[in-house]
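Heads up: the structure comes next, in structure tokens.
Chains as they are written, first to last, in my numbering: chain A, 629 to 1266; chain B, 591 to 737.
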């Protein structure tokens, strides 16, 4: 097995070459965090799409279809579901950030909402993405290495090697390296998915043979439900407490899963890339043609083909398929998968490291830290985060899985503050903060992590994961929205901070839509809601039988639900194009944006205040830990 | 060291990213197909691999055209070096008699297509005389005379 190490070495050499090039452009540390906001728009588009879709889609998406069939149709609409928030937020966030001269979501939240709770929460989300979300995908890859290497490389060694490559280029080249290498990785990962689908089809005997195999499964009553959405909703107690009839893939399961995916685009990770981009010129094209178009097609067709093949023959899942190929192809495709996962991992690590050091540690505990030392400390923190991730992959994979599943739904809770910042001016600061707090509670109470923690403390909840077949992202958002509406209604008289007022005025002046856009507003609402209803919402049940003939055969030669998803993907592409260009939600804007300088405030007694904060922080940690131990000993399961 | 690349350097970086992408995808895929053809003694498969590698070259030249530049020195060295190493492997394999006829024709196709393509590229870019001049190193004295 020479090909895997050979291609691995080549990949590592390429990443280090670009890291060195990036470090030179950075001046080692000067533009380490944001590449001097100079990432070209087309590179940014590729990085965002690749990070959002390539890794989990091919690892998680194929597994979902391979195990449970087409019921969770949102997997096939991932490209559109991920492009919609990009169209909604990216342009406005870029403009506000440019005006306020900030370079990350955490800074934006602090400047606009003035809430340290929100900044702390965003930091937690960033860390979850870096350690758990990317770590879980790296864990899957290290298991694949064991299989492909025939046991010559242990999983532990594979996890360390994959971590080392990632660590090397992130620490050396910062955001610029993540961007440059990310563009390569996105193209490579997309090609790998495409070729894997091709090999799947060849292995299955062609598209017709693949669908014949699926038709046999559909004819068997035991497996027929794998080609159906099992109703709009099922009022079950959730996974682990009460099984759903057929399977968990209801229409609301799809809708709520799509919401979780949409959380990715509101995460500090993806927003970091957006704010490091030199211009918003590529946002519309990136979201429309790269994300919804190219990567959306990969999800709707290629991921489905690989998954469908595994559905027919479980031995031909991703690892089985790779193992069946010639070593040069399996090595090349595996490196493509590594590229897709490391793309996500790199920007997540950077975002988490920057947040912890530059946005939390420095302003609270060590404001005199120089720029060089800030970068050095960030590099150390990135190393620690990666070490934690690798250790969890090796020692506590279950805990890693529990934490990873929190990343997306928690990130989705950031939608409310982002909407308040960009579109819904009536959301007040107390409402946004309280709403997110309730959103977090909603997520934790319906996720295995929260349920396990409460159980550890002696409180067994009567429901399991995804009660009523609804993902925790939606439960959290329901609580979030309800509280935000209520609190906003009562706090309308509260004003905004200086920078928030400036951002609101700036957006209002810059983005007063043309009369044409105003005239199209109701159309935009209508088509968006119709698409959401049919592609992700209750309308998915129409897809069960729309393309089934009266004699029970599939009219398109493929499962009706798959055909429905492909049609909806094409319609979704049109929707994204319409919103991005015609509604000017992500269209290019070429106005010069002068920086806004907030009034300077005197800062006295900084050193003393920082010392007090450090003391308070340590005492809080100690008390919290003691309370947790006492509670667990008193009420927990022994 | 600069804190951000100059416009020409930035354009060079963008070109390099495209070149790396092209070869990471088309180059390695073509190589895989070529080897697959050798494995199954299927000349048609190997020839498809050669076709994909040729596509990578064409894409590389198009990118060069877009950025108004030629092959960099490193790229030329890498390309000619790889060609030489592969050629050596081919000659040694052919001499030791370990190749099947399909392998033999596959390799001939690869080298033939690459050599023809290379000459075609040079002649279209520099003209026949200019292409010859790329390799014809004039003595130092002659070069000074022409100055």
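Beta carbons: idealized from backbone N, C-alpha and C, even for Gly.
On a predicted model such as this, the values are computed, not experimentally measured, just so you know.
Using a C-beta cut-off of 8 Å, the stretch 752-764 of chain A makes contact with the stretch 1016-1028 of chain A, since at least three inter-stretch Cβ pairs fall below that distance. Note on geometry: alpha-carbon atoms of residue 986 of chain A and residue 977 of chain A lie some 13 Å from one another. Boundaries of the alpha helix (DSSP H) around residue 825 of chain A: 783-832. DSSP places residue 860 of chain A in the coil class of the three-state scheme, outside both helix and strand. According to the DSSP assignment, residue 989 of chain A belongs to no alpha helix (DSSP H), since it is labelled neither H nor E. Under the three-pair Cβ rule at 8 Å, the stretch 656-668 of chain A does not count as touching the stretch 886-898 of chain A. In the three-state reduction of the DSSP assignment, residue 905 of chain A falls in the strand class. The C-beta of residue 937 of chain A has 16 or more other C-beta atoms within 10 Å across all chains shown, which makes the residue buried. Neighbours of residue 615 of chain B across chain A, judged by C-beta separation under 7 Å: 815, 816, 819.
With respect to chain A, the C-beta atom of residue 625 of chain B has a partner C-beta closer than 8 Å. Taking a Cβ-Cβ threshold of 7 Å, the residues of chain B close to residue 960 of chain A are 618, 622, in chain order. Residue environment: residue 877 of chain A is assigned as buried (16 or more neighbouring CB atoms within 10 Å of its CB, all protein chains considered). The Cβ-Cβ distance between residue 894 of chain A and residue 1040 of chain A falls below 8 Å. Here the alpha carbon of residue 635 of chain B sits roughly 9 Å from the alpha carbon of residue 696 of chain B. If you check the CB distance, residue 684 of chain B and residue 694 of chain B come in under 8 Å. In this structure, residue 619 of chain B sits near residue 642 of chain B, with a CB-CB distance shorter than 8 Å. Looking at the backbone, the Cα of residue 616 of chain B and that of residue 813 of chain A are separated by about 14 Å.
Inclusion of residue 867 of chain A and residue 1229 of chain A in the CB contact set at 8 Å is not warranted, their separation being larger than that value. For the options A:1197, A:992, A:1032, A:1013, the alpha carbon positioned closest to that of residue 1245 of chain A is the one of A:992. Between the stretch 763-783 of chain A and the stretch 946-959 of chain A, the count of C-beta pairs closer than 8 Å reaches three or more; the two stretches touch.
For residue 665 of chain B, no Cβ of chain A is located within less than 8 Å of the residue's own Cβ.
With distances taken between CA atoms, residue 1143 of chain A lies nearest to A:1210 out of A:1203, A:1210, A:1161. Runs of alpha helix (DSSP H) with 4 or more residues, each lying fully within the stretch 1015-1040 of chain A, are found at 1025-1040, listed in chain order.
Contact of residue 668 of chain A with chain B by beta-carbon distance below 8 Å involves 600, 604.
Closest by C-alpha distance to residue 649 of chain B, out of B:711, B:672, B:601, is B:711. Contacts between residue 753 of chain A and chain B, judged by CB atoms closer than 8 Å, are missing: the closest CB pair is about 29 Å apart. The bridge partners DSSP lists for residue 667 of chain A are A:905. In this structure, the alpha-carbon of residue 727 of chain A lies about 25 Å from that of residue 1120 of chain A. Chain order gives the chain B residues near residue 671 of chain A as 604, 607, where near means a beta carbon separation below 8 Å.
Assigned with DSSP and collapsed to three states, residue 652 of chain A falls in helix. Looking at the DSSP output, residue 866 of chain A bridges to A:870.
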